[in-house]
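Peer 1: Sharing a structure with you now.
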Amino acid sequence: MLNAASRDPAALPRLLLTLLAIALLWPGIQLSELDLGVLLRADSQSEMGRFVAQFWPPAHDEAFIELLVKATLQTLAIATAGMALALLLAIPAGLLASRALSLSAAARSGRPSRLGSLLRWPVRGLLIFLRSVPEIVWALLFVRAVGLGPAAGVLAIAITYSGMLGKVYAEIFESTDQRPAHALMQAGGGRLASFAYGILPNVSAELLSYTVYRWECAIRASVVMGFVGAGGLGQQIDLSIRMFAGGEVASMLLTFLLLVLAADQLSRLLRWRLT
Amino acid sequence: MTLRLNHASLHHANGVHALRGVDLQIGGGEQVAIIGPSGAGKSSLLNLLATAVRPSNGDIEVLGERAWHLSARQRQRLRARIGLVHQAPPLPPRQRVVTAVLAGKLGQWNLGKSLLNLLHPLDVPGARAALARLDLGDKLFSQCQQLSGGQLQRVGIARVLYQAPEVLLADEPVSAMDPVLAGHTLSILSRHAREHNVTLVASLHAVDLALSHFPRIIGLRDGQILFDCPSAEVSHDMLDALYANEQLQSPVPVVAPLTVQIPRC
């Protein structure tokens, strides 16, 4: 390896990069107080083992199933209502933040005017602000404002997800071929009409699959927010874990699996229909 | 004058001088062909005339209005009266042909009508008539990605015919068509222009097509007008000077391979 004939000039940089990566990761492990040894200690193993052992059989008595169906529907409702509210803000904000609707870009081979770029910044800033605060923090805030229950979860999802959706929508609009829309604007078309005819047909499948994926994320997020009292499946899981009812936790985790599976199939169906 | 350029120049961002001080006047109802070697600035000139790009220097007047002294809204209204056929029509691959043709009227429709038309085509007979003139009536409900390059060019022309502009500009409108179809399509364009008193300006690769279909020829080279005269006065020497290429002169005559440019959908 070290003799001159088989010397690879890239070997030294690669070695240095590896060392650098380790040097950066090590403080990260220290800072996050990760100690995998805890998992192997006998007492914590038996503790976890006891809890997991209760998972079988999953709870399936009639009263619990009824409760489970109600909580699942509530979770779905929180995610869907939150997404609907988020879209109300995300679509206009995405259009405003995107360069795809710039009239000046059409006349300047894709570079928008300086004024236009400047005006796009406040919208970008708003979207950054909306998504930089985690939904669980919003949920804690809204639980104080509107009380315990699903309404807090809906508002928290609406705010965080509008930030995420708006940002990604704006980038999806910009990532596709801009010439069809530019050609329409150069023929006198309005911005929104040119967008609908020139860009939307190219990006609709991607928009749809991202939106359905975010809806799936919203289902998971609404569960996490249930732990702080925002209703739905999360609140039930929290209760069941506190009562060490492993069977109930298992049933609810299986429900999750089904929900995510259903979201995945829905996304595939919609994409197949659109392409 | 329908189209007037006063010492117009165009520099691209990468430092290329596409047009250098072009003076040009084209009257209402005139039919003009622009010829010249690749990179001479034919597309730039047409984009300038279409008010799609702003000249770096000089002034442009279209239909009696100084396009770049208008407000953005007035300019959009002016642009709705100008039609530009693109060499490779920029059409979304999954858009249906009927929608692509009807999009020609976006400049004249309000937003509500435009969006409604996206859900359900409002003027199928109009789109069919425009396509039928170009022998594409059967492709009305196909997707753009199913068409060949030459068919797409004809969809682009159908869109502009449907738009019914007062100034019709065409950038190599027949470059992906076979010679017979190319001649036929050009005669449709010039007949449409004659019947509706439309000013027609087209850039063309094929000199014979330009000479046979257009009464006035403009030779463009290195971003400048080399000659501008009736097609009957265009001589061999003028064409030789226009297409002279110092770099390609080789002692052995090479048969240039026939390349057909197929525009992407």
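In order, the protein sequences belong to chains A and B. Residues 0 to 274 (numbering that gives the first Met the number 0) are what the first sequence spells out, left to right. Residues 0 to 264 (numbering that gives the first Met the number 0) are what the second sequence spells out, left to right. Beta carbons are placed, not taken as given, at the ideal position from N, Cα and C, and that holds for glycine.
1) Contact check, A32(B) vs L83(B) under 8 Å by CB: the rounded distance?
2) Report back the beta-carbon spacing between S193(A) and A180(A) to the nearest angstrom; my notes put them in contact at under 8 Å.
3) For the alpha helix (DSSP H) holding E61(A), just list the boundary residues, first then last.
4) Quick one: does T184(B) have its CB under 9 Å from some CB of chain A?
5) Once DSSP output is grouped into helix, strand and coil, what is the label at L4(B)?
6) Under 9 Å, do L154(A) and V145(A) count as touching if we go by C-beta distance?
7) Quick one: which chain B residues come within Cβ less than 7 Å of R178(A)?
8) Could you tell me which uninterrupted beta strand (DSSP E) segments, each at least 3 residues in length, are contained entirely in the region 175–207 of chain B, listed from first to last along the chain?
9) Rounded to whole angstroms, what's the CA-CA distance from V253(B) to A201(B)? Just pull it up for me.
10) Under 8 Å by Cβ, that's how I've got W214(A) and A78(A) pegged, so tell me the actual separation to the nearest angstrom.
11) Can you list the alpha helix (DSSP H) stretches of 4 or more residues lying completely in the region 175–205 of chain A, in chain order?
12) Mind checking whether E171(B) and S42(B) have CB atoms under 9 Å apart?
13) With a threshold of 7 Å on Cβ separation, who are the neighbours of G228(A) within its own chain once the five nearest residues in sequence on each side are excluded?
14) Using DSSP bridges, identify the partner residues of I217(B).
15) Determine the extent of the beta strand (DSSP E) in which H16(B) is found, giving its start and end residues.
16) For the putative contact between F50(A) and F243(A), defined by C-beta atoms under 8 Å, what is the C-beta separation to the nearest angstrom?
17) Please report whether the beta-carbon of A51(B) lies at a distance below 9 Å from any beta-carbon of chain A.
18) Could you tell me which of H59(A), E170(A) and E65(A) sits nearest to A89(A), measuring between CA atoms?
19) Establish whether the CB of H10(B) and some CB of chain A are separated by less than 9 Å.
20) Taking the Cβ atom as the reference point for each residue, do V154(B) and L146(B) lie within a distance shorter than 9 Å?
21) By alpha-carbon positions, which one of S186(B), V21(B) and G103(B) ends up nearest to L225(B)?
22) With burial defined as no fewer than 16 other Cβ atoms inside 10 Å of the residue's Cβ, what is the status of I21(A): buried or exposed?
23) In angstroms with no decimal places, state the Cα-to-Cα distance between M144(B) and I198(A).
24) Have a look at L133(B), G106(B) and T98(B) and flag the residue whose alpha-carbon is nearest the alpha-carbon of S141(B).
25) Check whether the Cβ of S113(B) lies closer than 9 Å to any Cβ atom in chain A.
26) Could you check whether the region 201–214 of chain B touches the region 165–184 of chain B, counting it as contact only if at least three pairs of C-beta atoms, one from each stretch, sit closer than 8 Å?
27) Would Y168(A) count as contacting chain B if we go by Cβ distances under 9 Å?
28) Could you give the first and the last residue of the continuous alpha helix (DSSP H) run that contains G57(B)?
29) Are the CB atoms of A49(B) and L23(B) within a distance shorter than 9 Å?
Peer 2: Checking against the coordinates, here is how it stands:
1) One-based indexing of the second sequence puts residue 32(B) at position 33. One-based indexing of the second sequence puts residue 83(B) at position 84. So it is not a contact: roughly 16 Å between Cβ atoms.
2) As a position in the first sequence, residue 193(A) is number 194, starting the count at 1. As a position in the first sequence, residue 180(A) is number 181, starting the count at 1. Confirmed, about 5 Å.
3) By one-based count along the first sequence, residue 61(A) stands at place 62. Counting along the chain, E61(A) sits inside the alpha helix (DSSP H) bounded by residues E61 to A96.
4) Mapped onto the second sequence, residue 184(B) falls at position 185. For T184(B), the answer is no, since every Cβ of chain A falls outside 9 Å of its Cβ.
5) Counting from one through the second sequence, the residue named residue 4(B) turns up at place 5. Looking at L4(B) - three-state DSSP - the assignment turns out to be strand.
6) For the purposes of this step, residue 154(A) is taken as residue 155 along the first sequence, with counting starting at 1. For the purposes of this step, residue 145(A) is taken as residue 146 along the first sequence, with counting starting at 1. Yes; because the gap between Cβ atoms is below 9 Å, this pair is in contact.
7) Against the first sequence, residue 178(A) aligns to sequence position 179. Within chain B, the C-beta atoms nearer than 7 Å to that of R178(A) come from P89, in chain order.
8) Counting only runs of 3 or more, we get 198–202.
9) As a first step, residue 253(B) is located in the second sequence; it is residue number 254 there, counting from the start. As a first step, residue 201(B) is located in the second sequence; it is residue number 202 there, counting from the start. For V253(B), the predicted structure reports a pLDDT of 46, less than 50, and the residue's modelled location is therefore unreliable. The matter cannot be settled from this model.
10) The residue labelled residue 214(A) in the question sits at position 215 within the first sequence. The residue labelled residue 78(A) in the question sits at position 79 within the first sequence. With 8 Å as the limit, W214(A) and A78(A) qualify as a contact, their Cβ atoms being about 6 Å apart.
11) Counting whole runs of 4 or more residues, the region 175–205 of chain A contains the alpha helix (DSSP H) stretches 178–185 and 190–197.
12) The residue labelled residue 171(B) in the question sits at position 172 within the second sequence. The residue labelled residue 42(B) in the question sits at position 43 within the second sequence. Taking 9 Å as the Cβ cut-off, E171(B) and S42(B) qualify as a contacting pair.
13) As a first step, residue 228(A) must be located in the first sequence, where it is residue number 229. Sequence-distant partners of G228(A) (beyond 5 residues in either direction) whose C-beta falls short of 7 Å from its own C-beta, in its chain, are V142, L147 and Q234.
14) As a working note, residue 217(B) is residue 218 in the second sequence. The bridge partners DSSP lists for I217(B) are I33(B) and D227(B).
15) For this step, residue 16(B) is matched to residue 17 along the second sequence. H16(B) -> beta strand (DSSP E) spans H16 to I25.
16) As a working note, residue 50(A) is residue 51 in the first sequence. As a working note, residue 243(A) is residue 244 in the first sequence. Going by Cβ atoms, the distance from F50(A) to F243(A) rounds to 7 Å, so yes, they are a contact pair.
17) The sequence position of residue 51(B) within the second sequence is 52, counting from 1. Yes, contact with chain A.
18) As a position in the first sequence, residue 89(A) is number 90, starting the count at 1. It is E170(A).
19) Position 11 of the second sequence, counting from 1, holds the residue named residue 10(B). H10(B) does not count as touching chain A.
20) The sequence position of residue 154(B) within the second sequence is 155, counting from 1. The sequence position of residue 146(B) within the second sequence is 147, counting from 1. Between V154(B) and L146(B), the gap from beta carbon to beta carbon is short of 9 Å.
21) Locating residue 225(B) in the second sequence gives position 226, counting from the first residue. Nearest in C-alpha terms to L225(B), of all of S186(B), V21(B) and G103(B), is V21(B).
22) Position 22 of the first sequence holds residue 21(A). Counting Cβ neighbours within 10 Å, I21(A) comes out exposed, since fewer than 16 surround it.
23) Translated into the one-based positions of the second sequence, residue 144(B) becomes position 145. Translated into the one-based positions of the first sequence, residue 198(A) becomes position 199. One detail in the question is off: residue 144(B) reads as Gln in this sequence, not Met. Cα to Cα, the separation comes out at about 15 Å.
24) As a working mapping, residue 141(B) is identified with position 142 in the second sequence. Ranked by how close their Cα comes to the Cα of S141(B), the residues L133(B), G106(B) and T98(B) have T98(B) in first place.
25) The residue given as residue 113(B) occupies position 114 in the second sequence. Interface residue, yes.
26) Touching, yes, given that three or more Cβ pairs across the two stretches are closer than 8 Å.
27) Residue 168(A) sits at position 169 when you count from the first residue of the first sequence. No, because no Cβ of chain B sits closer than 9 Å to the Cβ of Y168(A).
28) Your numbering for residue 57(B) matches position 58 in the second sequence. In the DSSP annotation of this structure, G57(B) is not part of any alpha helix (DSSP H); the continuous beta strand (DSSP E) holding it starts and ends at N56 to V61.
29) Counting from 1 along the second sequence, the entry for residue 23(B) is found at position 24. Counting from 1 along the second sequence, the entry for residue 49(B) is found at position 50. Result no, Cβ atoms of L23(B) and A49(B) do not sit closer than 9 Å.
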